[in-house]
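Asks: Before we start, here is the structure in question, set down as structure tokens.
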Amino acid sequence: MEYRDILLTSEDNIKTYSSINDNVSGDYLLTAIAIAQRTGLEGIIGTALVNKIQELIGKDEIGNSKNNHYKTLLDEYISDYLIYQSIVELIPIVSFKINNVGATKTDDEKNSLVTFNEVFKLKDYYEDKADYFAMRLQRFLIDKYSDYPELND
């Protein structure tokens, strides 16, 4: 069975542990999570380790005592990183839409949209947070390198 499409965090997790509004579309958020996982997380810990964790989740073995170190990695390090990196990916997705007429932004009578520069300042803010959690994740893996043979791939 292929586990490649398993996401390592959820829409609910991001909405619970961040300032993301509950009305943000799950379609947008799930896209952002997938991008953050594929481009961000895999770049930090490698595809082999991401695949291993996806497989353990898919087989419902992540909670087994022999896989405790993978569960710790997921719950205490990967989850924090993916919350912030997903928001980094989400900001442009919700700010601008690409359609048949080109790139557009939606104006609403009741809301005041931020400028293009403000969108990317906000993105930079969340990128700084994601970078912090990425470094924390890397330090953990360096300290526990022998627990994760997938890092050799």
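Each number in our numbering corresponds to the 1-based position in the sequence shown with 9 added. Where is the CB? At the ideal position from N, CA and C, for every residue including glycine.
#1: Please list the terminal residues of the continuous beta strand (DSSP E) segment that includes residue 106.
#2: Quick check: residue 94 and residue 43, are their CB atoms within less than 7 Å of each other?
#3: So, helix, strand or coil for residue 20, using DSSP?
#4: Less than 7 Å between the beta carbons of residue 96 and residue 135, yes or no?
#5: Taking the continuous alpha helix (DSSP H) assigned at residue 151, which residues delimit it?
#6: Rounded to whole angstroms, what's the CA-CA distance from residue 83 to residue 37? Just pull it up for me.
#7: In whole angstroms, give me the CA-to-CA distance for residue 87 and residue 33.
#8: Can the beta-carbon of residue 12 be found closer than 7 Å to that of residue 67?
#9: Exposed or buried, which one is residue 89 when buried takes at least 16 other CB atoms within 10 Å?
#10: If contacts are defined as beta-carbon pairs under 8 Å, then residue 157 and residue 150 qualify, I think. What distance do you get, rounded to the angstrom?
#11: Find the nearest neighbour of residue 80 within the set 144, 152, 17, judged by alpha-carbon distance.
#12: Relative to the alpha-carbon of residue 31, which residue among 41, 40, 39, 20 has its alpha-carbon at the smallest distance?
Replies: Working from what's here:
#1: Going by DSSP, residue 106 is part of the beta strand (DSSP E) stretching over 106-108.
#2: Not in contact: residue 94 and residue 43 (Cβ atoms no closer than 7 Å).
#3: Residue 20: helix per DSSP, three-state reduction.
#4: Residue 135 is positioned such that its CB atom lies closer than 7 Å to that of residue 96.
#5: Where residue 151 is concerned, the enclosing alpha helix (DSSP H) stretches over 125-152.
#6: Take the alpha-carbon of residue 83 and the one of residue 37: they are about 23 Å apart.
#7: Per the coordinates, the alpha-carbon of residue 87 lies some 22 Å from the alpha-carbon of residue 33.
#8: Against a cut-off of 7 Å, the Cβ pair of residue 67 and residue 12 comes out as a contact.
#9: It is buried - the Cβ of residue 89 has at least 16 other Cβ atoms within 10 Å.
#10: With 8 Å as the limit, residue 157 and residue 150 qualify as a contact, their Cβ atoms being about 6 Å apart.
#11: Residue 17 is the option with its Cα nearest to residue 80.
#12: Residue 20 is the option with its Cα nearest to residue 31.
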